[in-house]
Amino acid sequence: MAEGAQDVPVIYLHEIKRQYRQGEATLTILDGAKLALWPGQSVALVAPSGSGKSTLLHIAGLLETPDDGEVYVGGTATSQMSDIDRTQIRRTDIGFVYQSHRLLPEFSALENVMLPQMIRGLKRSETVKRSTEILSYLGLSDRIKHRPAELSGGEQQRVAIARAVANAPRALLADEPTGNLDPQTADHVFNALMQLVKATRVAMLIATHNMDLAARMDRRVSLANGQVVELD
Numbered sequence: 001m002a003e004g005a006q007d008v009p010v011i012y013l014h015e016i017k018r019q020y021r022q023g024e025a026t027l028t029i030l031d032g033a034k035l036a037l038w039p040g041q042s043v044a045l046v047a048p049s050g051s052g053k054s055t056l057l058h059i060a061g062l063l064e065t066p067d068d069g070e071v072y073v074g075g076t077a078t079s080q081m082s083d084i085d086r087t088q089i090r091r092t093d094i095g096f097v098y099q100s101h102r103l104l105p106e107f108s109a110l111e112n113v114m115l116p117q118m119i120r121g122l123k124r125s126e127t128v129k130r131s132t133e134i135l136s137y138l139g140l141s142d143r144i145k146h147r148p149a150e151l152s153g154g155e156q157q158r159v160a161i162a163r164a165v166a167n168a169p170r171a172l173l174a175d176e177p178t179g180n181l182d183p184q185t186a187d188h189v190f191n192a193l194m195q196l197v198k199a200t201r202v203a204m205l206i207a208t209h210n211m212d213l214a215a216r217m218d219r220r221v222s223l224a225n226g227q228v229v230e231l232d
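All residue numbers for the sequence shown refer to this note's numbering, where the first residue is 1 and numbers rise by one.
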């Protein structure tokens, strides 16, 4: 998708810097990193372990604060926002999917997807309707009453995806979402993610080691010397 067709990126990382102390040494993870995520675009973040992929995702998702630089969400700078305002953006505008599904074991698939909507303040009847629709869209209509332990790995991850998009976020960030799955199941989960991107025009950034999946996305980027570089 041509970037010129959009007014502003969903998320824009501008000159992001992040360092960590390790003993007496200082590790520079990000050093002036820039990245724009556009509506309806899927971006693969492909880089070696330890290069800073998770750090970049956490900063993009306002889970971590950079040492310098700015994170814009919908054109709005976030660095000076209060924790409450940043939390509100994460709740409404950003969805997260992790390598481990992180579902609550005592709740059904339906209830896991309902929770973020109820936290947002939606009526229970509305959350039931929307959660059922999303789970059905992801091929889980006959599994909505099952608890995580009663679901396969691929089913659990699709429930996690449904939960991540339950509040209709503008951006979906995923950290190795198929890393624990066999190739066939990983393909099913990946297809579910791509369907959601096309159906909802969410901007998606996925950190992955799977080059076959990365090749099917709109853009591929990597990290080198603390900066985001375009591949291909």
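Beta carbons: idealized from backbone N, C-alpha and C, even for Gly. Bear in mind that the values here come from a model prediction, so they are computed numbers and not experimental data.
Where the alpha helix (DSSP H) through residue i begins and ends
i, result
"ALA160", "153-164"
"LEU57", "53-60"
"VAL189", "183-200"
"SER42", "Element bounds for SER42: not the alpha helix (DSSP H) but the beta strand (DSSP E), 42-45."
"LEU115", "109-120"
"ARG124", "124-137"
For residue j and residue i, believed in contact at Cβ under 8 Å, the rounded distance
i, j, result
"ALA192", "VAL159", "Rounded, the Cβ-Cβ distance is 11 Å, inconsistent with contact."
"ARG91", "ASN167", "7 Å"
"PRO48", "ILE16", "Not a contact, Cβ separation roughly 19 Å."
"SER42", "ASP218", "5 Å"
"ARG147", "VAL113", "With a Cβ gap of about 13 Å, ARG147 and VAL113 do not count as contacting."
"LEU207", "GLU176", "Note that residue 207 is Ala in the sequence shown here, rather than Leu. Right, their Cβ atoms sit about 6 Å apart."
"GLY139", "THR185", "Going by Cβ atoms, the distance from GLY139 to THR185 rounds to 12 Å, so no, they are not a contact pair."
"ALA203", "TRP38", "6 Å"
"VAL71", "ASP93", "Contact doesn't hold; Cβ gap of about 12 Å is too wide."
"GLN117", "GLY179", "With 8 Å as the limit, GLN117 and GLY179 do not qualify as a contact, their Cβ atoms being about 27 Å apart."
"ARG143", "GLY40", "Not really, about 28 Å apart at Cβ, beyond 8 Å."
Residues that residue i bridges to, as DSSP identifies them
i, result
"ASP175", "ALA207"
"ASP68", "LYS17"
"PHE96", "LEU173"
"THR78", "None, per the DSSP bridge assignment."
"GLU234", "This structure cannot speak to residue 234, because the chain is shown only from 1 to 232."
"TYR12", "ALA36 and TYR72"
"GLN88", "Bridge partners of GLN88: none, in fact."
"GLN22", "ALA25"
Distance, residue j Cα to residue i Cα
i, j, result
"GLU155", "ILE161", "10 Å"
"LEU172", "ASP232", "23 Å"
"PHE96", "LEU62", "11 Å"
"ILE11", "ALA60", "7 Å"
"ARG216", "ARG18", "30 Å"
"GLN88", "GLU133", "24 Å"
"ALA77", "GLN157", "32 Å"
"GLN227", "LEU205", "16 Å"
"GLY52", "THR28", "9 Å"
"VAL221", "HIS14", "15 Å"
"GLU24", "VAL197", "44 Å"
Cβ-based burial, residue i [other Cβ within 10 Å; buried from 16]
i, result
"GLY75", "exposed"
"LEU103", "buried"
"LEU45", "buried"
"ARG21", "exposed"
"ALA214", "buried"
"MET211", "exposed"
"PRO105", "exposed"
"LYS123", "exposed"
"LEU57", "buried"
"ILE84", "exposed"
"ASP68", "exposed"
"ALA5", "Low confidence applies here, because ALA5 scores a pLDDT of 43, under 50, leaving its location unreliable; read the following figure in that light. Its Cβ having fewer than 16 others within 10 Å, ALA5 is exposed."
"LYS129", "exposed"
"ALA33", "buried"
"THR127", "buried"
"LYS145", "exposed"
"SER79", "exposed"
Endpoints, the beta strand (DSSP E) within which residue i is located
i, result
"THR26", "25-37"
Closer than 8 Å to chain B by CB, residue i
i, result
"THR78", "This model lacks chain B altogether; it includes just one protein chain."
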